[in-house]
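Read the structure below first, then the notes.
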Amino acid sequence: MESDESKGGGGGEGAVLKGVPARGAYGIVCCAKDSEAKEDVAIKKIGNAFDNSIDAKRTLREIKLLCHMDHENIIKIKDIIRPPNKENFNDVYIVYELMDTDLHQIIRSTQALTDDHCQYFLYQLLRGLKYVHSANVLHRDLKPSNLLLNANCDLKICDFGLARTTSESDFMTEYVVTRWYRAPELLLNCSEYTTAIDIWSVGCILMEIALREPLFPGKDYVQQLQLITELLGSPDDSDLGFLRSENARKYVKPLPHIPSKTFQHKFPNLSPLVIDLAEKMLVFDPSKRITVEEALNHPFLQSLHEINEEPICSSPFMFDFEQATLSEEDVKELIWEETLKFNPDSETEVAE
1 MESDESKGGG
11 GGEGAVLKGV
21 PARGAYGIVC
31 CAKDSEAKED
41 VAIKKIGNAF
51 DNSIDAKRTL
61 REIKLLCHMD
71 HENIIKIKDI
81 IRPPNKENFN
91 DVYIVYELMD
101 TDLHQIIRST
111 QALTDDHCQY
121 FLYQLLRGLK
131 YVHSANVLHR
141 DLKPSNLLLN
151 ANCDLKICDF
161 GLARTTSESD
171 FMTEYVVTRW
181 YRAPELLLNC
191 SEYTTAIDIW
201 SVGCILMEIA
211 LREPLFPGKD
221 YVQQLQLITE
231 LLGSPDDSDL
241 GFLRSENARK
251 YVKPLPHIPS
261 KTFQHKFPNL
271 SPLVIDLAEK
281 MLVFDPSKRI
291 TVEEALNHPF
301 LQSLHEINEE
311 PICSSPFMFD
321 FEQATLSEED
331 VKELIWEETL
341 KFNPDSETEV
351 AE
């Protein structure tokens, strides 16, 4: 059947619903058939998108960022369905290329995962992340459910609603990263952080693929930090140079001393190369963590790594609107303008 919202103008006339909608943490996603392009697509509905400025900005941020980026390992927006008139513009429908599943579902399944699977998933994740970081963007919410896959094992990073540029000065206090994938500097409320937070998340994901279970499944931030120190050992002064907050230092220093364990001792059945790469990603001090370029050059990925096939973004991305105080109506106008970019003929129709 044709979705009601797609009737009467805009870019959704050819969208015919096929699958049962699935509700995620942010919006409702369903499978549809684009009868004009003759291909299956995914449509995400963000209901009442302009009820508050935080969620509205998140939607705008994802749209602008994904429109700026063009990479095989980053999900693409194919269309934004425009309602007949701006007055009825309350829900946002974003059309994405369709993927079959996500890494979270694969890890939870009974499907066998080999070192080759692990290698290929990780390579694509790092390849996409290299592009993201080259645009001066932090994803800030990397986790298995935000890594989409198809039957060919092609991987695409999605959900950039929490992403920020490295140059922004006001993003550090907001919620970032699902707890299990959150770096120590975030758990300790560090006032500044870098692309290293994404590398920590990748390390957690790598180990989760290998173990088929989360590495640090903390129930709260206190237990999260405890699980990290139980594996990595208690940080010493040389590991805490990134902490400028005296309160954070006072919290960490009195904690019981825990000696570090080697990953190889804790996980003797895992590939030594997986262990070595994970140990370089999961380092307490973010300045000592491996970079995305160094990770791509690691021996575990040697058979796939080809620097000429790992493009960077042609220009840095700027969230210009973040610096302004925008009302919900302001954001609505900006997203409306984005819909017209996908449907240029619609502007003429509206004018008429």
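For the sequence shown, full-length UniProt numbering gives the first residue as 1, with consecutive numbering after it.
Yeah, the Cβ is synthetic: ideal placement off N, Cα and C, and Gly gets one too.
{"Asked": "If you draw a straight line from the C-alpha of E310 to the C-alpha of I209, how long is it?", "Found": "23 Å"}
{"Asked": "Using the Cα positions of L270 and L206, report the straight-line distance between them to the nearest angstrom.", "Found": "11 Å"}
{"Asked": "For T262, is the classification buried or exposed, using 16 other Cβ atoms within 10 angstroms of its Cβ as the cut-off for buried?", "Found": "exposed"}
{"Asked": "Who are I94's beta bridge partners in DSSP?", "Found": "K44 and I80"}
{"Asked": "Which term fits Q223, buried or exposed, when burial requires 16 or more other beta carbons within 10 angstroms of its beta carbon?", "Found": "exposed"}
{"Asked": "Please classify K288: is it buried, with 16 or more other beta-carbons within 10 angstroms of its beta-carbon, or exposed?", "Found": "exposed"}
{"Asked": "In this structure, does DSSP put I106 in helix, strand or coil?", "Found": "helix"}
{"Asked": "Mapping the DSSP letters down to three states, classify V137 as helix, strand or coil.", "Found": "strand"}
{"Asked": "Looking at the structure shown, is L304 part of a helix, part of a strand, or coil, going by DSSP?", "Found": "coil"}
{"Asked": "Let me know if Q302 comes out buried or exposed under the rule of 16 or more other beta-carbons within 10 Å of its beta-carbon.", "Found": "exposed"}
{"Asked": "May I ask you to list the residues that DSSP assigns as paired with T165?", "Found": "V137"}
{"Asked": "Rounded to whole angstroms, what is the Cα-Cα separation between residue 363 and S260?", "Found": "Lying outside 1 to 352, the shown extent of the chain, residue 363 is not represented and no answer is given."}
{"Asked": "How many Å lie between A183 and L125 at the Cα?", "Found": "18 Å"}
{"Asked": "Give the C-beta separation of M99 and L148 to the nearest angstrom, bearing in mind that I take them to be a contact with Cβ-Cβ under 8 Å.", "Found": "4 Å"}
{"Asked": "If you draw a straight line from the alpha carbon of S167 to that of T59, how long is it in whole angstroms?", "Found": "20 Å"}
{"Asked": "If we count the other Cβ atoms within 10 Å of its Cβ and call it buried at 16 or more, is P235 buried or exposed?", "Found": "buried"}
{"Asked": "For the candidate residues C313, V283, L340 and M318, whose alpha-carbon lies nearest to that of V132?", "Found": "C313"}
{"Asked": "Looking at C-alpha atoms only, which residue of I335, T339 and L340 is the closest neighbour of F50?", "Found": "I335"}
{"Asked": "Take the Cβ of E185 as the centre, count every other Cβ of all protein chains shown within 10 Å, and call the residue buried at 16 or more, exposed below.", "Found": "buried"}
{"Asked": "Are the beta-carbon atoms of H139 and D198 separated by less than 7 Å?", "Found": "yes"}
{"Asked": "For T325, is the classification buried or exposed, using 16 other Cβ atoms within 10 angstroms of its Cβ as the cut-off for buried?", "Found": "exposed"}
{"Asked": "Sort I228, D91, T229 and E97 by Cα distance to K38 and report the nearest one.", "Found": "E97"}
{"Asked": "Quick one: is I43 buried, meaning 16 or more other Cβ sit within 10 Å of its Cβ, or exposed?", "Found": "buried"}
{"Asked": "What are the complete alpha helix (DSSP H) segments, minimum 4 residues, inside the stretch 168 to 242?", "Found": "184 to 187, 196 to 211 and 221 to 232"}
{"Asked": "Let me know if K86 comes out buried or exposed under the rule of 16 or more other beta-carbons within 10 Å of its beta-carbon.", "Found": "exposed"}
{"Asked": "What is the DSSP secondary structure of K261, counted as helix, strand or coil?", "Found": "coil"}
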